[in-house]
Amino acid sequence: MIIVDTNVIAYLYLPGVFTPRAEALLERDAEWAVPWLWRSEFRNILAGYVRRNTISFESAVDLQAEAERLLAGGEYDVESRAVLELASQSGCSAYDCEFVALAVTLGVKLVTMDAQVLRAFPALTVSLRAL
3 MIIVDTNVIA YLYLPGVFTP RAEALLERDA EWAVPWLWRS EFRNILAGYV RRNTISFESA
63 VDLQAEAERL LAGGEYDVES RAVLELASQS GCSAYDCEFV ALAVTLGVKL VTMDAQVLRA
123 FPALTVSLRA L
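All residue numbers for the sequence shown refer to the numbering used here, where the first residue is 3 and numbers rise by one.
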């Protein structure tokens, strides 16, 4: 099991330079875990693609549904206190710290491309680039 942040999910579903790495990660470890927040963050990414006419509205709806199926059973609540402590200690956003808090709770690594999170939590994180 690994924690993935929303950008890793986006790399999996929205073709780009890091898509092959996200696909390889899924093949290597298909048990992905996320805080519930990922749904809103991914919707926001998809909405941006729709606004820029990069994908259609229907494609965005389909991608959200497909990602929700992939992550079904791997979505978790996180403790607000833990998130706020991590955010106050690191300077990272509370959004990012939801993923870090989940990694701490489950005792697994967080895969991310977020440079600030990678710097702030080197013992808990792995860069998608490194995989």
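All C-beta atoms in this analysis are idealised placements derived from N, C-alpha and C, irrespective of residue type, glycine included.
Checklist entry - Which of helix, strand or coil does DSSP assign to Val80? => result Residue state, collapsed to three classes: coil.
Next on the checklist: Cutting at 8 Å between CB atoms, please list the residues of its own chain near Gly93, excluding the five before and the five after it.
Outcome noted: For Gly93, where only same-chain residues beyond five positions count, the Cβ hits under 8 Å are Gln118, Ala122.
Checklist entry - Which of helix, strand or coil does DSSP assign to Ala35? => result The answer is strand: DSSP assigns Ala35 an E or B state.
Checklist entry - Of all the options Pro22, Arg71, Pro17, Leu27, which has the alpha carbon lying nearest to the alpha carbon of Val6? => result When each option's Cα is compared against that of Val6, the closest is Leu27.
Checklist entry - Helix, strand or coil for Val110 per DSSP? => result Correct three-state label for Val110: coil.
Checklist entry - Who are the Cβ neighbours of Val85 in its own chain at under 7 Å, not counting the five residues just before and after it? => result Result list for Val85: Ala96, Cys99, Glu100, Ala103, in chain order.
Checklist entry - Under the three-state reduction of DSSP, which class applies to Val52: helix, strand or coil? => result Assigned with DSSP and collapsed to three states, Val52 falls in helix.
Item to check | CB contact check: Tyr97 to chain C, cutoff 8 Å | outcome: Of the chains in the structure shown, none is chain C; there is only one protein chain.
Checklist entry - When you compare only the Cα positions, how much space is there between Val128 and Leu48? => result So the alpha carbons of these two residues sit roughly 25 Å apart.
Checklist entry - Is it a yes or a no for the segment 49-56 touching the segment 69-89, going by three-plus beta-carbon pairs under 8 Å? => result No: fewer than three Cβ pairs fall under 8 Å.
Checklist entry - What first and last residue would you give for the beta strand (DSSP E) that runs through Ser129? => result Ser129 -> beta strand (DSSP E) spans 127-129.
Next on the checklist: So Leu112 and Arg23 are supposed to be a Cβ contact under 8 Å. How far apart are they, rounded?
Outcome noted: In this structure Leu112 does not touch Arg23 by the C-beta definition: roughly 15 Å separates them, more than the 8 Å allowed.
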